[in-house]
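Protein chains: 2
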Amino acid sequence: MEPISRVGRPKASSRETLADAACELFLEQGYEETSVADITRRAGVSRSSFFNYFSSKSDVLWSGLDDRIDHALVELAALGAGADGPAVRAVLAGLVRGFAPDPLALALRNASAMGLEAELLRDSGVRHAKIAGGVAAAARAAGVEPVPAEILGSACAAAVLSSIRTWAEEGAGQASLETRFDRALRCIHDLPWSDRV
Amino acid sequence: MEPISRVGRPKASSRETLADAACELFLEQGYEETSVADITRRAGVSRSSFFNYFSSKSDVLWSGLDDRIDHALVELAALGAGADGPAVRAVLAGLVRGFAPDPLALALRNASAMGLEAELLRDSGVRHAKIAGGVAAAARAAGVEPVPAEILGSACAAAVLSSIRTWAEEGAGQASLETRFDRALRCIHDLPWSDRV
DNA sequence: GAATCTTATTGGATCGCGTCCAACAATACG
DNA sequence: CGTATTGTTGGACGCGATCCAATAAGATTC
Chain A
6 MEPISRVGRP KASSRETLAD AACELFLEQG YEETSVADIT RRAGVSRSSF FNYFSSKSDV
66 LWSGLDDRID HALVELAALG AGADGPAVRA VLAGLVRGFA PDPLALALRN ASAMGLEAEL
126 LRDSGVRHAK IAGGVAAAAR AAGVEPVPAE ILGSACAAAV LSSIRTWAEE GAGQASLETR
186 FDRALRCIHD LPWSDRV
Chain U
6 MEPISRVGRP KASSRETLAD AACELFLEQG YEETSVADIT RRAGVSRSSF FNYFSSKSDV
66 LWSGLDDRID HALVELAALG AGADGPAVRA VLAGLVRGFA PDPLALALRN ASAMGLEAEL
126 LRDSGVRHAK IAGGVAAAAR AAGVEPVPAE ILGSACAAAV LSSIRTWAEE GAGQASLETR
186 FDRALRCIHD LPWSDRV
């Protein structure tokens, strides 16, 4: 991935060290109650260093998924006018494929223990919006009207995020994330109340 | 609405005074660049007073819609097991009915001038999640499985928010908000790619 | 091995949001 | 005129986040 540069001062710490320290503390004393200074103290680095590795406290939880989302957004944009259903489906499937247990999965599973409900509501809304926006743009590029495009985007984003959430909540057990996502996507064209809402 | 208390010190300022000052400044110099202190300076009150009227800076923009959303959530919860399509539709229609031009509408129309893109993405995500969560809970109460319920909720939330957004962006002209919302809701059971995604 | 280049780490200053609280002001009521 | 009630104010505080200059630790070059 990274063309590890062999020049300059070597990194003394790592994202992982910081993420581990952060997750420990989130579990021990809650997310809100853990300051960035707490995290860096435990990791044995300075507070400044934290922001060399993460752009914010919540980034510890979300950077893994964010990378995947950003990658998917690029692919969606590249679809151009050829953004039909299967193409979009393939991009989104790639988004979830191989998504490993991660600080985010830990946070989703222990949301109440971490006192994360509010924070997760807020942050997952941002990711929902990013995915939905990307899909909506792809749909518009393929000729769909703006409002239905947004609704479709939003439904797809919900499929992605809610499959991740249920997968994380139930541990690694049961169905794989990709299977869940497939099932979720199928729900879109089989919505309840479709004939009535 | 309010049982105006005739006892104790009368209010020296008002929400409206503060909201007006805030909107002026947001337009003049942008949202990020406007501090709470700036707002209260212009309104002629102390910084502390701001938080007697609004719970946060962004609350200036969102409190009007938030009240409506909270009201709708209560109604949705009250539906219980009888939450069928038309009932939910009626609640959501009530959410948008008579939604007047408002700091939020101003912000949506002048988002780029206010440098609000990022903030709106973030904040509208929260409202999307609230609406989607409420509709999903109602759907689950009516026997819908969790994942399709979330997707349905998300689609409904997108219908609400995207109709508000397009309505605000095009000024008060063209179609009324309620008409827009009706059209948006209809998109849900006529999604493009329905046979393919 | 010394100078130099590149990159990482660090501490400290600074800012803004949001919370909290005690002091104070203005009104109604008895 | 006291007193209760409600609103306003200033100040202190903690936290997240940004910025920057000083410093450290290697690699590279000569």
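First to last, the sequence lines map onto chains A and U. According to the working numbering, the residues represented by the first sequence are 6 to 202, in order. According to the working numbering, the residues represented by the second sequence are 6 to 202, in order. Glycine included, every Cβ here is placed at the ideal spot set by N, Cα and C. No experiment lies behind these values; they were computed from the predicted model shown.
Below-9 Å beta-carbon distance, residue i vs any chain A residue
i, result
"U/K62", "no"
"U/D75", "no"
"U/E80", "no"
"U/S159", "yes"
"U/A137", "yes"
"U/L30", "no"
"U/A134", "yes"
"U/S181", "no"
"U/S18", "no"
"U/V112", "According to the sequence displayed, residue 112 of chain U carries Ala and not Val. Judged by the 9 Å Cβ criterion, U/A112 is not in contact with chain A."
"U/T184", "no"
"U/A98", "no"
Whole-number beta carbon distance between residue j and residue i, since they are thought to touch under 8 Å
i, j, result
"A/V12", "A/V101", "The Cβ separation is near 37 Å, so there is no contact."
"U/E174", "U/R114", "6 Å"
"U/A137", "U/A98", "Contact doesn't hold; Cβ gap of about 17 Å is too wide."
"U/A95", "U/A146", "In fact, because the Cβ distance is near 16 Å, the residues do not count as touching under 8 Å."
"A/W67", "A/L109", "6 Å"
"A/R52", "A/V41", "6 Å"
"A/L125", "A/A118", "Their Cβ separation, rounded to whole angstroms, is 12 Å, which puts A/L125 and A/A118 out of contact at 8 Å."
"U/V140", "U/L81", "7 Å"
"A/S167", "U/I156", "7 Å"
"U/G49", "A/V131", "About 35 Å; that fails the 8 Å criterion."
"U/A143", "U/L84", "5 Å"
"U/C28", "U/L121", "That pair is no contact at about 12 Å."
"U/L30", "U/R47", "6 Å"
Any chain U beta carbon closer than 9 Å to residue i
i, result
"A/P108", "no"
"A/G120", "no"
"A/S54", "no"
"A/C192", "yes"
"A/E38", "no"
"A/T22", "no"
"A/V131", "yes"
"A/V152", "yes"
"A/S68", "no"
"A/E124", "no"
"A/R201", "Any reading at A/R201 needs caution, since the residue's pLDDT is 44, under 50, leaving its predicted position unreliable; the model's value is listed next. It does; some Cβ of chain U falls within 9 Å."
"A/R14", "no"
"A/E155", "yes"
"A/S117", "no"
"A/R127", "yes"
DSSP three-state assignment for residue i, whether helix, strand or coil
i, result
"U/V65", "helix"
"A/A26", "helix"
"A/E36", "Note that residue 36 of chain A is Tyr in the sequence shown here, rather than Glu. Correct three-state label for A/Y36: coil."
"A/R114", "helix"
"U/L70", "helix"
"A/A17", "coil"
"A/L190", "helix"
"A/G49", "coil"
"A/R132", "helix"
"U/S54", "helix"
"U/D195", "coil"
"A/L78", "helix"
"U/L121", "coil"
"A/V41", "helix"
"A/R11", "coil"
"U/F59", "coil"
Burial state of residue i (16 or more Cβ within 10 Å)
i, result
"U/T184", "exposed"
"U/F59", "buried"
"A/S10", "exposed"
"U/E150", "exposed"
"A/D128", "buried"
"U/G223", "Nothing can be reported for residue 223 of chain U: it is not among the residues displayed for chain U, which extend from 6 to 202."
"A/S19", "exposed"
"U/A189", "buried"
"U/A26", "buried"
"A/S61", "exposed"
"A/R170", "buried"
"A/F186", "buried"
"U/F56", "exposed"
"A/A17", "exposed"
"U/V93", "buried"
"U/A160", "buried"
"U/G90", "buried"
"A/A105", "exposed"
"A/E154", "Looking at the sequence provided, one finds Ala at residue 154 of chain A rather than Glu. Classification of A/A154: buried, given that the 10 Å Cβ count is 16 or more."
**OP:** Taking only runs that begin and end inside the region 134-180 of chain U, name each unbroken alpha helix (DSSP H) of 4 or more residues, in chain order.
**Re:** 151-174
**OP:** With a floor of 4 residues, list each alpha helix (DSSP H) that falls wholly inside the region 81-115 of chain U, ordered by position along the chain.
**Re:** 90-101, 108-114
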